[in-house]
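Novice: Pasting a structure below so you can have a look.
In the numbering used here, the protein residues as written are 47 to 342.
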(Lines of atoms letter the chains of each structure in order from A and count residues from 1; the text may use other names and numbers.)
(Lines give C-alpha, C1' and ligand atoms only; values in the text may rest on other atoms or scores of the structure.)
Protein backbone atom coordinates (compact mmCIF):
# COMPACT_ATOMS: atom_id res chain seq x y z
CA UNK A 1 0.00 0.00 0.00
CA UNK A 2 1.42 3.37 -1.07
CA UNK A 3 0.80 6.38 1.18
CA UNK A 4 -0.30 9.77 -0.12
CA UNK A 5 -0.49 12.73 2.24
CA UNK A 6 -3.50 14.78 1.18
CA UNK A 7 -4.04 18.24 2.62
CA UNK A 8 -7.70 19.07 3.27
CA UNK A 9 -9.60 21.97 4.81
CA UNK A 10 -12.90 20.33 5.79
CA UNK A 11 -13.44 16.59 6.33
CA UNK A 12 -14.04 15.06 2.90
CA UNK A 13 -17.08 12.84 2.39
CA UNK A 14 -15.71 12.05 -1.07
CA UNK A 15 -12.45 10.62 0.32
CA UNK A 16 -14.37 8.79 3.05
CA UNK A 17 -16.63 7.06 0.54
CA UNK A 18 -13.64 6.16 -1.65
CA UNK A 19 -12.05 4.52 1.38
CA UNK A 20 -15.19 2.69 2.53
CA UNK A 21 -15.93 1.19 -0.87
CA UNK A 22 -12.39 -0.17 -1.04
CA UNK A 23 -11.65 1.89 -4.15
CA UNK A 24 -8.54 3.46 -2.65
CA UNK A 25 -7.24 0.12 -1.38
CA UNK A 26 -7.94 -1.51 -4.75
CA UNK A 27 -5.76 1.20 -6.32
CA UNK A 28 -3.01 0.42 -3.80
CA UNK A 29 -3.44 3.75 -2.03
CA UNK A 30 -3.50 4.70 1.63
CA UNK A 31 -4.62 8.33 1.78
CA UNK A 32 -3.76 10.24 4.95
CA UNK A 33 -5.87 13.39 5.28
CA UNK A 34 -3.90 16.26 6.81
CA UNK A 35 -6.24 19.06 7.97
CA UNK A 36 -5.08 22.62 7.37
CA UNK A 37 -5.44 25.49 9.81
CA UNK A 38 -5.49 27.94 6.87
CA UNK A 39 -4.78 28.02 3.13
CA UNK A 40 -1.49 29.76 3.91
CA UNK A 41 -0.37 26.88 6.12
CA UNK A 42 -1.65 24.32 3.61
CA UNK A 43 0.37 25.77 0.73
CA UNK A 44 3.48 26.22 2.85
CA UNK A 45 3.33 22.49 3.55
CA UNK A 46 2.64 21.66 -0.10
CA UNK A 47 5.49 23.81 -1.42
CA UNK A 48 7.86 22.39 1.21
CA UNK A 49 7.07 18.83 0.13
CA UNK A 50 5.27 17.86 3.34
CA UNK A 51 2.09 17.11 1.36
CA UNK A 52 1.74 15.14 -1.86
CA UNK A 53 -1.46 16.90 -2.95
CA UNK A 54 -4.18 19.15 -1.57
CA UNK A 55 -7.92 19.62 -1.86
CA UNK A 56 -8.23 23.39 -1.99
CA UNK A 57 -10.02 26.34 -3.55
CA UNK A 58 -8.79 27.02 -7.10
CA UNK A 59 -8.01 30.65 -6.32
CA UNK A 60 -5.31 29.42 -3.94
CA UNK A 61 -3.58 27.70 -6.84
CA UNK A 62 -3.89 30.89 -8.88
CA UNK A 63 -2.36 32.86 -5.99
CA UNK A 64 0.64 30.61 -5.40
CA UNK A 65 1.36 30.13 -9.08
CA UNK A 66 0.58 33.53 -10.60
CA UNK A 67 0.39 36.26 -7.91
CA UNK A 68 3.71 37.32 -6.37
CA UNK A 69 2.18 39.10 -3.35
CA UNK A 70 0.33 36.02 -2.12
CA UNK A 71 0.19 35.36 1.66
CA UNK A 72 3.47 33.39 1.58
CA UNK A 73 5.26 35.89 -0.64
CA UNK A 74 6.59 33.14 -2.90
CA UNK A 75 5.51 31.39 -6.08
CA UNK A 76 5.69 27.72 -6.93
CA UNK A 77 4.92 25.21 -9.66
CA UNK A 78 1.47 24.33 -8.31
CA UNK A 79 -1.11 22.88 -10.68
CA UNK A 80 -4.79 22.04 -10.71
CA UNK A 81 -5.15 18.34 -11.55
CA UNK A 82 -8.94 18.01 -11.36
CA UNK A 83 -12.04 19.98 -10.41
CA UNK A 84 -13.84 18.23 -7.54
CA UNK A 85 -16.95 20.24 -6.69
CA UNK A 86 -18.95 23.37 -7.44
CA UNK A 87 -18.86 24.80 -3.94
CA UNK A 88 -20.77 22.25 -1.82
CA UNK A 89 -23.30 24.78 -0.58
CA UNK A 90 -20.86 27.70 -0.35
CA UNK A 91 -22.87 30.57 1.12
CA UNK A 92 -22.57 33.74 3.18
CA UNK A 93 -23.96 33.41 6.70
CA UNK A 94 -24.80 35.76 9.56
CA UNK A 95 -24.26 34.76 13.17
CA UNK A 96 -27.27 33.52 15.16
CA UNK A 97 -29.45 36.33 16.47
CA UNK A 98 -27.63 39.09 14.59
CA UNK A 99 -30.03 41.27 12.59
CA UNK A 100 -28.03 44.49 12.06
CA UNK A 101 -25.09 43.51 9.88
CA UNK A 102 -23.84 46.97 8.93
CA UNK A 103 -20.22 47.46 10.03
CA UNK A 104 -20.08 43.87 11.24
CA UNK A 105 -16.99 41.67 11.24
CA UNK A 106 -16.42 39.30 8.34
CA UNK A 107 -14.39 36.21 9.20
CA UNK A 108 -12.16 34.97 6.37
CA UNK A 109 -9.44 32.37 5.89
CA UNK A 110 -6.91 35.00 4.86
CA UNK A 111 -8.00 38.34 3.36
CA UNK A 112 -6.66 37.63 -0.14
CA UNK A 113 -8.17 34.19 -0.71
CA UNK A 114 -10.87 32.71 -2.92
CA UNK A 115 -13.62 32.27 -0.34
CA UNK A 116 -12.90 35.78 0.96
CA UNK A 117 -13.46 37.15 -2.54
CA UNK A 118 -16.82 35.35 -2.67
CA UNK A 119 -17.76 37.00 0.64
CA UNK A 120 -16.63 40.45 -0.52
CA UNK A 121 -18.68 40.13 -3.70
CA UNK A 122 -21.84 38.97 -1.95
CA UNK A 123 -21.57 41.67 0.72
CA UNK A 124 -21.02 44.33 -1.92
CA UNK A 125 -24.15 43.18 -3.73
CA UNK A 126 -26.10 43.25 -0.47
CA UNK A 127 -24.83 46.74 0.34
CA UNK A 128 -23.35 45.70 3.68
CA UNK A 129 -20.29 47.47 5.12
CA UNK A 130 -17.86 45.28 7.06
CA UNK A 131 -14.46 44.86 8.66
CA UNK A 132 -12.31 41.80 8.09
CA UNK A 133 -10.62 39.40 10.49
CA UNK A 134 -8.50 36.38 9.52
CA UNK A 135 -9.71 33.22 11.26
CA UNK A 136 -8.31 30.38 9.15
CA UNK A 137 -10.03 27.28 7.80
CA UNK A 138 -13.75 26.83 7.20
CA UNK A 139 -14.36 24.69 10.32
CA UNK A 140 -12.61 27.35 12.43
CA UNK A 141 -14.76 30.08 10.90
CA UNK A 142 -17.92 28.07 11.55
CA UNK A 143 -16.98 27.80 15.21
CA UNK A 144 -16.19 31.52 15.36
CA UNK A 145 -19.54 32.41 13.79
CA UNK A 146 -21.38 30.42 16.45
CA UNK A 147 -19.32 31.68 19.39
CA UNK A 148 -19.11 35.41 18.73
CA UNK A 149 -15.80 35.46 16.88
CA UNK A 150 -17.31 37.13 13.82
CA UNK A 151 -20.60 38.49 12.54
CA UNK A 152 -20.49 36.93 9.07
CA UNK A 153 -18.52 34.36 7.11
CA UNK A 154 -18.76 32.01 4.13
CA UNK A 155 -19.20 28.31 4.84
CA UNK A 156 -19.58 25.09 2.86
CA UNK A 157 -18.89 21.34 2.84
CA UNK A 158 -21.24 20.56 5.72
CA UNK A 159 -20.06 23.43 7.91
CA UNK A 160 -22.89 25.55 6.48
CA UNK A 161 -25.51 22.97 7.46
CA UNK A 162 -24.15 22.61 10.98
CA UNK A 163 -24.11 26.40 11.45
CA UNK A 164 -27.58 26.84 9.97
CA UNK A 165 -28.91 24.09 12.22
CA UNK A 166 -27.61 26.07 15.21
CA UNK A 167 -29.28 29.31 14.15
CA UNK A 168 -26.95 30.95 11.63
CA UNK A 169 -28.79 32.76 8.83
CA UNK A 170 -27.97 32.18 5.16
CA UNK A 171 -27.71 35.54 3.37
CA UNK A 172 -26.62 34.62 -0.16
CA UNK A 173 -24.98 31.84 -2.17
CA UNK A 174 -22.06 31.61 -4.57
CA UNK A 175 -24.63 30.54 -7.17
CA UNK A 176 -25.82 34.17 -7.11
CA UNK A 177 -22.46 35.14 -8.63
CA UNK A 178 -22.14 32.60 -11.43
CA UNK A 179 -20.73 29.17 -12.31
CA UNK A 180 -18.03 28.29 -9.81
CA UNK A 181 -15.62 25.57 -8.75
CA UNK A 182 -15.23 25.36 -4.99
CA UNK A 183 -12.54 22.69 -4.65
CA UNK A 184 -9.85 21.18 -6.83
CA UNK A 185 -7.17 18.56 -6.43
CA UNK A 186 -3.79 20.26 -6.77
CA UNK A 187 -0.13 19.29 -6.52
CA UNK A 188 3.30 20.67 -7.27
CA UNK A 189 5.19 19.73 -10.41
CA UNK A 190 7.76 18.02 -8.21
CA UNK A 191 5.11 15.88 -6.53
CA UNK A 192 3.64 15.07 -9.92
CA UNK A 193 7.01 13.81 -11.11
CA UNK A 194 7.57 11.76 -7.93
CA UNK A 195 4.03 10.44 -7.58
CA UNK A 196 2.65 10.45 -11.12
CA UNK A 197 1.24 6.91 -11.00
CA UNK A 198 -0.28 7.34 -7.54
CA UNK A 199 -1.77 10.75 -8.31
CA UNK A 200 -3.27 9.40 -11.53
CA UNK A 201 -4.78 6.58 -9.50
CA UNK A 202 -6.12 9.04 -6.92
CA UNK A 203 -7.72 11.23 -9.59
CA UNK A 204 -9.37 8.19 -11.14
CA UNK A 205 -10.68 6.89 -7.82
CA UNK A 206 -12.07 10.26 -6.72
CA UNK A 207 -13.84 10.90 -10.03
CA UNK A 208 -15.32 7.38 -10.18
CA UNK A 209 -16.48 7.78 -6.60
CA UNK A 210 -18.03 11.15 -7.45
CA UNK A 211 -19.92 9.55 -10.34
CA UNK A 212 -21.18 6.80 -8.04
CA UNK A 213 -22.37 9.38 -5.51
CA UNK A 214 -24.23 11.59 -7.99
CA UNK A 215 -25.88 8.60 -9.68
CA UNK A 216 -27.12 7.24 -6.36
CA UNK A 217 -25.06 4.06 -6.06
CA UNK A 218 -24.71 2.47 -2.61
CA UNK A 219 -26.93 5.00 -0.81
CA UNK A 220 -26.70 3.27 2.57
CA UNK A 221 -22.90 3.32 2.49
CA UNK A 222 -22.95 6.99 1.49
CA UNK A 223 -25.33 7.89 4.31
CA UNK A 224 -23.19 6.09 6.89
CA UNK A 225 -20.00 7.67 5.53
CA UNK A 226 -21.41 11.20 5.75
CA UNK A 227 -22.83 10.62 9.22
CA UNK A 228 -19.53 9.29 10.54
CA UNK A 229 -17.11 11.62 8.74
CA UNK A 230 -19.02 14.83 9.45
CA UNK A 231 -20.53 13.71 12.79
CA UNK A 232 -24.04 14.38 11.43
CA UNK A 233 -27.36 12.90 12.42
CA UNK A 234 -29.44 11.35 9.64
CA UNK A 235 -31.32 14.58 8.89
CA UNK A 236 -28.16 16.67 8.32
CA UNK A 237 -26.45 13.80 6.50
CA UNK A 238 -29.31 13.57 4.00
CA UNK A 239 -29.19 17.33 3.48
CA UNK A 240 -25.46 17.11 2.78
CA UNK A 241 -26.02 14.28 0.32
CA UNK A 242 -28.52 16.52 -1.50
CA UNK A 243 -25.75 19.14 -1.75
CA UNK A 244 -23.21 16.57 -2.99
CA UNK A 245 -25.56 15.43 -5.76
CA UNK A 246 -26.79 18.89 -6.80
CA UNK A 247 -26.03 19.98 -10.36
CA UNK A 248 -25.45 23.54 -9.17
CA UNK A 249 -23.19 23.09 -6.14
CA UNK A 250 -22.29 19.40 -6.00
CA UNK A 251 -19.52 17.09 -7.10
CA UNK A 252 -17.96 17.30 -10.57
CA UNK A 253 -17.77 13.67 -11.75
CA UNK A 254 -15.50 14.28 -14.73
CA UNK A 255 -12.98 16.66 -13.21
CA UNK A 256 -13.10 19.28 -15.94
CA UNK A 257 -12.73 22.96 -15.08
CA UNK A 258 -15.01 24.78 -17.52
CA UNK A 259 -14.08 28.15 -19.00
CA UNK A 260 -17.04 29.93 -17.37
CA UNK A 261 -16.06 28.59 -13.94
CA UNK A 262 -12.47 29.74 -14.35
CA UNK A 263 -13.64 33.17 -15.46
CA UNK A 264 -15.71 33.53 -12.27
CA UNK A 265 -12.70 32.67 -10.10
CA UNK A 266 -10.43 35.13 -11.91
CA UNK A 267 -13.01 37.93 -12.10
CA UNK A 268 -13.57 37.73 -8.34
CA UNK A 269 -9.84 38.15 -7.70
CA UNK A 270 -9.59 40.96 -10.24
CA UNK A 271 -12.56 42.86 -8.76
CA UNK A 272 -11.36 42.64 -5.18
CA UNK A 273 -7.59 43.07 -5.65
CA UNK A 274 -5.36 44.93 -8.08
CA UNK A 275 -4.85 41.78 -10.17
CA UNK A 276 -5.50 41.79 -13.90
CA UNK A 277 -5.62 38.09 -14.68
CA UNK A 278 -7.32 36.50 -17.65
CA UNK A 279 -8.03 32.88 -18.48
CA UNK A 280 -5.77 32.74 -21.52
CA UNK A 281 -2.76 33.99 -19.57
CA UNK A 282 -3.15 31.71 -16.55
CA UNK A 283 -3.80 28.68 -18.75
CA UNK A 284 -0.70 29.48 -20.80
CA UNK A 285 1.15 29.75 -17.49
CA UNK A 286 0.29 26.12 -16.74
CA UNK A 287 -2.39 26.60 -14.08
CA UNK A 288 -4.37 23.53 -15.12
CA UNK A 289 -2.70 20.19 -15.86
CA UNK A 290 -5.16 17.75 -17.44
CA UNK A 291 -2.61 14.99 -17.99
CA UNK A 292 -4.06 12.79 -15.24
CA UNK A 293 -7.73 13.12 -16.21
CA UNK A 294 -9.40 10.09 -17.81
CA UNK A 295 -9.76 10.47 -21.56
CA UNK A 296 -13.23 8.91 -21.72
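Don't be surprised by glycine CBs; every beta carbon is placed ideally from N, CA and C.
1. With a threshold of 8 Å, are at least 3 pairs of Cβ atoms found where one atom belongs to the segment 100–111 and the other to the segment 157–164?
2. In this structure, how does DSSP classify residue 264 when only helix, strand and coil are distinguished?
3. Which runs of the beta strand (DSSP E), 3 residues or longer, sit entirely within the segment 125–150?
4. What does DSSP give as the partner residues of residue 198 in its beta bridges?
5. Near residue 310, which residues of its chain fall below 7 Å by C-beta distance, leaving aside the five closest residues on each side in sequence?
6. I'd like the span of the alpha helix (DSSP H) that includes residue 219, first residue to last.
7. Buried or exposed for residue 199, please, with buried defined as at least 16 other CB atoms from any protein chain shown within 10 angstroms of its CB.
8. Is residue 186 helix, strand or coil when you go by DSSP?
9. Pairs of beta-carbons, one from the segment 252–272 and one from the segment 288–295, closer than 8 Å: are there three or more?
10. Is it buried or exposed, residue 286, if we count other Cβ atoms within 10 angstroms and call 16 or more buried?
11. Can you tell me whether residue 253 is helix, strand or coil according to DSSP?
12. Given residue 117, which residues of its chain have a CB within under 6 Å of its CB, disregarding the five upstream and five downstream residues?
13. On the CB-based measure, 16 or more other CB atoms within 10 Å of its CB, does residue 98 come out buried or exposed?
14. Figure out for me which residue from 74, 75 and 89 has the closest Cα to the Cα of residue 81.
15. I'd like to check one pair, residue 61 with residue 79: are the Cβ atoms closer than 8 Å?
16. Using beta-carbon positions only, say whether residue 332 and residue 129 come within less than 8 Å of one another.
17. In its own chain, which residues sit with a C-beta less than 8 Å from the C-beta of residue 165, not counting the 5 before and 5 after it?
18. With distances taken Cα to Cα, identify the nearest neighbour of residue 234 among 335, 329 and 228.
19. Considering only the alpha carbon of each residue, which of 216, 148 and 338 lies closest to residue 173?
20. Is the segment 173–191 touching the segment 58–75 in the sense that three or more CB pairs, one from each, lie closer than 8 Å?
21. Do residue 228 and residue 132 have their C-beta atoms within less than 8 Å of each other?
22. Quick check: residue 245 and residue 238, are their CB atoms within less than 8 Å of each other?
23. Ends of the beta strand (DSSP E) at residue 49?
24. Does the Cβ of residue 329 have 16 or more other Cβ atoms within 10 Å, making it buried, or fewer, making it exposed?
25. Beta-carbon separation of residue 52 and residue 77 under 8 Å?
Specialist: Well, looking at it:
1. With a cut-off of 8 Å, the segment 157–164 and the segment 100–111 count as touching, because enough Cβ pairs lie within range.
2. Within the chain shown, numbered from 1, the residue matching residue 264 stands at position 218. The answer is coil: DSSP assigns residue 264 none of H, G, I, E or B.
3. Taken in chain order, the complete beta strand (DSSP E) segments of 3 or more residues contained in the segment 125–150 are 137–140.
4. Stepping through the chain shown from its first residue, residue 198 is reached at position 152. Its beta-bridge partners are 140 and 152.
5. As a first step, residue 310 is located in the chain shown; it is residue number 264 there, counting from the start. Within the same chain, residue 310 has close Cβ partners 223, 224, 225 and 226.
6. Taking the first residue of the chain shown as 1, we reach residue 219 at position 173. Residue 219 -> not in any alpha helix (DSSP H); beta strand (DSSP E) instead, spanning 215–219.
7. Within the chain shown, residue 199 is the residue found at index 153, counting from 1. The residue in question, residue 199, is buried, as its Cβ has 16 or more Cβ neighbours within 10 Å.
8. One-based indexing of the chain shown puts residue 186 at position 140. In the structure shown, residue 186 sits in a helix (DSSP, three-state: H, G or I).
9. yes
10. The count along the chain shown starts at 1 and reaches residue 286 at position 240. That one is buried.
11. For this step, residue 253 is matched to residue 207 along the chain shown. Residue 253 falls in the helix class under three-state DSSP.
12. By 1-based counting over the chain shown, the position of residue 117 is 71. The residues are 86 and 156.
13. As a working mapping, residue 98 is identified with position 52 in the chain shown. The C-beta of residue 98 has 16 or more other C-beta atoms within 10 Å across all chains shown, which makes the residue buried.
14. For this step, residue 81 is matched to residue 35 along the chain shown. Minimum Cα distance to residue 81 is reached at 89.
15. Against the chain shown, residue 79 aligns to sequence position 33. Against the chain shown, residue 61 aligns to sequence position 15. Between residue 79 and residue 61, the C-beta gap is smaller than 8 Å, which places the two residues in contact.
16. In the chain shown, the residue the question calls residue 332 occupies position 286. In the chain shown, the residue the question calls residue 129 occupies position 83. Their beta carbons are not under 8 Å apart, which means residue 332 does not touch residue 129 by this criterion.
17. Locating residue 165 in the chain shown gives position 119, where the first residue counts as 1. Only 138, 152, 154, 198, 199 and 200 meet the Cβ criterion.
18. Against the chain shown, residue 234 aligns to sequence position 188. Ranking the options by Cα distance to residue 234, first place goes to 335.
19. Mapped onto the chain shown, residue 173 falls at position 127. Nearest option by C-alpha distance: 148.
20. Too few Cβ pairs lie closer than 8 Å, so no.
21. For the purposes of this step, residue 228 is taken as the residue at position 182 of the chain shown. For the purposes of this step, residue 132 is taken as the residue at position 86 of the chain shown. Cβ atoms of residue 228 and residue 132: closer than 8 Å.
22. Working through the chain shown from its first residue, we reach residue 245 at position 199. Working through the chain shown from its first residue, we reach residue 238 at position 192. Yes, the Cβ-Cβ distance between residue 245 and residue 238 is below 8 Å.
23. In the chain shown, the residue the question calls residue 49 occupies position 3. Taken as a continuous stretch (DSSP letters only), the beta strand (DSSP E) holding residue 49 covers 48–54.
24. Indexing the chain shown from 1 puts residue 329 at position 283. Counting Cβ neighbours within 10 Å, residue 329 comes out exposed, since fewer than 16 surround it.
25. Residue 52 sits at position 6 when you count from the first residue of the chain shown. Residue 77 sits at position 31 when you count from the first residue of the chain shown. Contact: yes.
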